[in-house]
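Residue numbers (the working numbering), protein chains in the order written: chain A, 60 to 442; chain B, 60 to 442.
Ideal placement from N, C-alpha and C gives every residue a C-beta, glycine not left out.
Because the structure is a prediction, the values reported are computed rather than measured.
2 protein chains.
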Amino acid sequence: MKSFTLLAALLLSTPLWAGSDDLTATGDLGLVVERGTGSLVLIDRSDRAAVARIEGLGDLSHASLTYSPDERFAYVFGRDGGLTKVDLLERKIVARTVQAGNSIGGAISDDGRLVAVSNYEPGGVKVFDAGTLDLVADIPAAGKTIGLVDVPGRRFAWTIWDTGEVFLGDFSGAEPKVTLLGNAGKNPFDAVLTDDAHTYLIGLFGEKGVTAFDLWDAAPQPVKFLTEYGKTGEDMPVYKMPHLQGWAFTEGQYALPAVGRHELLWVDRDSQETVATTQMHGQPVFVIAQPASPFVWVNFATPLNDTVQVVDSRSHEVVATLTPGKAILHMEFAPRGAEVWLSARDDNKVLIYDTHTREKLGEIAAEAPSGIFFTARAHQTGL
Amino acid sequence: MKSFTLLAALLLSTPLWAGSDDLTATGDLGLVVERGTGSLVLIDRSDRAAVARIEGLGDLSHASLTYSPDERFAYVFGRDGGLTKVDLLERKIVARTVQAGNSIGGAISDDGRLVAVSNYEPGGVKVFDAGTLDLVADIPAAGKTIGLVDVPGRRFAWTIWDTGEVFLGDFSGAEPKVTLLGNAGKNPFDAVLTDDAHTYLIGLFGEKGVTAFDLWDAAPQPVKFLTEYGKTGEDMPVYKMPHLQGWAFTEGQYALPAVGRHELLWVDRDSQETVATTQMHGQPVFVIAQPASPFVWVNFATPLNDTVQVVDSRSHEVVATLTPGKAILHMEFAPRGAEVWLSARDDNKVLIYDTHTREKLGEIAAEAPSGIFFTARAHQTGL
């Protein structure tokens with residue numbers, strides 16, 4: 060009843076946003092995924108305001124998106140296999156294709172020409188022209204594709220859940236050149252590229268450990284480490300698989316969520332040894348570095364997802380515990396770190412916090428918000 | 060005679076750019092400083108094209124600029140003390156103040172509200188409202204201000220050439236709070252902030268060495284290192300002081316230009332020990348990391364400034380030597396590293412190179428170009 064009341068209030072409210080301006084700079088725009096309604100809220104970071112809603116994107120549960128280099132277009136990867144191109148200036152969908160039965164993410168090439176989508180059903184990678192969404196390459200796989208990332212030089216890397224195979228695809232020539240880099244191990248569940256595009260890290264579910272490939276090397280080899288890392292037994296249910304894209308890289312360390320435990324693990328980036336463990340409020344989901352600071356922010360799996368904690372990467376101690384709202388699903392920082400935007404799904408709000416005072420600056424109404432994506436992501440490798 | 064012919068050809072040519080579009084995304088725009096004519100060329104990175112010229116900015120020799128968080132406005136710091144606000148969408152100057160006799164640079168606060176300018180004549184820092192360019196704070200100094208950088212939390216750090224004093228100014232409250240952090244040493248000539256806002260590094264001219272302050276610390280203390288670093292004697296003229304803003308941070312190292320020598324120095328970021336020296340073509344000026352790669356690109360002081368070299372940060376060896384044009388003054392990378400744009404002052408051209416093939420992709424006419432600044436800088440701390 061309560062959620063119905065909230066929903067009705069939202070639907071009856073006056074428009075959330077002002078009229079369109081002919082001249083809009085795109086550097087401080089962003090999109091919030093409304094997971095239940097297949098829509099996006101276009102947000103203005105400077106004004107801390109919603110400026111438009113864009114509808115008709117299909118199933119956006121677990122959706123992600125990426126931006127064109129000019130920040131004009133977003134490519135939205137829906138759970139229903141939909142790839143939707145949205146124009147942030149026209150505030151509308153300009154192209155949409157349902158390209159598979161079940162997709163889980165994608166990436167855009169470093170030159171902005173190609174968009175790659177990783178698929179579960181059928182498995183594999185499809186590559187599209189970023190301008191037209193015409194299919195330009197279809198790379199089948201022997202299973203579900205996970206951990207698709209962009210690699211400099213119009214390349215992408217990805218991994219297969221069922222087989223553990225890790226591929227590097229080079230799309231800079233007339234024909235795609237796909238290379239099998241090696242085997243990561245049993246049932247890789249997600250992968251991430253470090254921000255310098257140096258190391259492709261793959262988390263394993265079917266066995267303990269993390270596998271790394273050095274993508275700066277001409278012939279990358281799998282290196283397994285953190286062999287104590289992984290699921291710790293049947294008595295500890297895993298409420299939600301953590302996102303490796305939320306691994307924080309700070310102070311020469313990886314900060315990563317322990318699978319199924321109320322812990323954060325700190326790994327030295329050079330030695331790959333565990334240097335510290337931080338006891339946390341719940342099972343970490345995203346662990347994200349506050350830009351230009353020593354801090355990482357952590358959110359948690361259900362049922363403890365009303366809380367966010369801040370940890371100092373030098374002392375490995377929790378320095379703040381916030382309870383901003385109900386079901387905090389995602390956190391997105393202003394690119395220079397002054398603010399963090401949090402989606403509170405069950406409050407139907409996006410909350411804006413000052414990262415220095417850790418006090419609330421404002422909020423924006425949104426329908427069951429999940430992912431928040433600022434356009435500055437257009438300029439970051441591996442996102 | 061030759062330069063006159065080139066100039067005449069430029070002036071007589073048909074317009075360099077197409078008409079304005081009502082809808083322009085700003086993520087792939089940039090500005091090129093035309094140092095001799097007090098003008099800027101607005102460039103479109105995706106189209107590899109000039110789209111407008113903006114004139115009337117005064118003395119732009121040694122000019123730099125910074126962007127508002129939405130990427131709509133540039134704040135241009137001229138050598139004549141002029142602070143000019145340029146609207147990239149309207150393609151015109153919207154505000155200009157001559158705020159000192161001789162300024163050398165500036166920065167914008169992390170929240171985009173304040174613009175600070177570092178001045179030589181008279182020395183000190185002036186802080187302006189980013190919207191109106193109204194003066195909001197005037198911090199005098201006992202000498203010339205160098206190395207002004209933005210620090211998270213609406214703060215700026217700067218250093219005084221004459222006294223060696225290092226200040227941190229906090230402008231987050233009703234009144235500015237300026238703290239003397241300590242003394243860097245004799246005649247600091249430039250300073251730079253690491254991209255994580257952790258370490259403020261100050262190069263010395265009056266004595267050998269570099270001084271570091273840990274800005275994550277509540278009470279930062281000066282730590283001197285690289286005490287063999289600096290001018291090496293009267294027999295080796297220093298043709299141009301290197302820019303510390305061009306220090307590259309890669310692979311856990313600082314790559315820095317030797318003052319007055321044909322060398323690049325590699326310093327371990329943790330131990331602050333020199334780990335390698337690379338013999339170079341000339342006296343390095345800018346040493347800039349190619350994003351998401353192991354490479355740094357280096358340009359050189361006159362008279363050897365027709366050459367650019369690429370060095371691998373793992374082997375510390377020169378892997379490519381290019382001679383792209385006459386008087387290469389600056390290098391700017393596409394934010395994900397796919398291209399590098401070079402200003403060839405005496406060719407009156409900006410040259411665009413593919414960083415992977417290291418071949419030329421295109422060029423743009425510009426009048427004696429110096430600095431090139433892409434809007435993605437809006438999202439980077441310390442630039």
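- Residue pairing by DSSP places residue 347 (chain A) opposite A:356 in a beta bridge.
- Taking C-beta atoms as the reference points, residue 90 (chain A) and residue 432 (chain A) count as a pair closer than 7 Å.
- Where residue 155 (chain A) is concerned, the enclosing beta strand (DSSP E) starts and stops at 151–157.
- The DSSP-derived three-state label of residue 406 (chain B) is helix.
- Closer than 7 Å to the CB of residue 131 (chain A) there is at least one CB belonging to chain B.
- The continuous beta strand (DSSP E) containing residue 214 (chain B) extends over residues 214–219.
- Distance between residue 235 (chain A) and residue 226 (chain A), taken at the CA atoms: about 12 Å.
- For the segment 214–230 of chain B, the set of residues with a beta-carbon nearer than 9 Å to any beta-carbon of chain A is empty.
- Within a 10 Å sphere around the beta-carbon of residue 199 (chain B) sit fewer than 16 other beta-carbons, which makes this residue exposed.
- Within the same chain, Cβ atoms closer than 6 Å to the Cβ of residue 98 (chain B) are found at 112 and 114, the five residues on either side in sequence being excluded.
- Within chain B, no C-beta atom comes nearer than 7 Å to that of residue 233 (chain A); the closest sits roughly 15 Å away.
- Interface with chain B (7 Å Cβ-Cβ cutoff): residue 273 (chain A) is excluded.
- Residue 374 (chain B) has a beta carbon lying at 7 Å or more from every beta carbon in chain A.
- Contact between the segment 172–190 of chain A and the segment 125–144 of chain A is present, with at least three C-beta pairs closer than 8 Å.
- Those residues of the segment 336–355 of chain B placed with their C-beta closer than 7 Å to a C-beta in chain A are 350, 351, 352 and 353, ordered along the chain.
- Of all residues in the segment 87–113 of chain A, those with a C-beta nearer than 9 Å to a C-beta of chain B are 87, 88, 103, 104 and 105, reading in chain order.
- Taken through DSSP and simplified to helix, strand or coil, residue 270 (chain B) comes out as strand.
- Here the segment 326–337 of chain A lies against the segment 270–290 of chain A, with 3 or more beta-carbon pairs under 8 Å apart.
- Residue pairing by DSSP places residue 248 (chain A) opposite no residue, since no beta bridge is assigned to it.
- Where residue 433 (chain B) is concerned, the enclosing beta strand (DSSP E) starts and stops at 428–433.
- For residue 336 (chain B), the uninterrupted beta strand (DSSP E) segment begins and ends at 333–338.
- DSSP links residue 209 (chain A) through a beta bridge to A:215.
- Residues of the segment 234–257 of chain B whose Cβ lies closer than 8 Å to any Cβ of chain A, in chain order: 254, 255, 256 and 257.
- In the displayed model, residue 437 (chain A) falls within a helix according to three-state DSSP.
- Around residue 434 (chain A), the same chain offers 85, 86, 88, 89, 126 and 130 as residues with beta carbons nearer than 7 Å, after the five sequence neighbours per side are excluded.
- Only 393, 394, 395, 396, 397 and 398 from the segment 386–400 of chain A bring a Cβ to less than 9 Å from some Cβ of chain B.
- In chain order, 142, 156, 158, 173, 174, 175, 176, 193, 194 and 195 place their CB closer than 8 Å to the CB of residue 187 (chain B), counting only its own chain and leaving out the 5 sequence neighbours on each side.
- Burial state of residue 361 (chain B) is exposed, judged by a 10 Å Cβ sphere holding fewer than 16 other Cβ atoms.
- Between residue 82 (chain A) and chain B, the shortest Cβ-Cβ separation is below 7 Å.
- Contact of residue 191 (chain B) with chain A by beta-carbon distance below 9 Å is absent, the smallest such distance being about 16 Å.
- For the options A:261, A:266 and A:265, the alpha carbon positioned closest to that of residue 273 (chain A) is the one of A:261.
- Just measuring C-alpha positions, the residue of B:389, B:217 and B:373 sitting nearest residue 367 (chain B) is B:389.
- Between residue 185 (chain B) and residue 170 (chain B), the C-beta spacing is not below 7 Å.
- Residue 229 (chain B) is bridged by DSSP to B:214 and B:236.
- Note that the C-beta distance between residue 440 (chain B) and residue 425 (chain A) is not below 7 Å.
- Exclusion of the five residues before and after residue 120 (chain A) leaves 94 and 138 as the residues of its chain whose Cβ lies within less than 7 Å of its Cβ.
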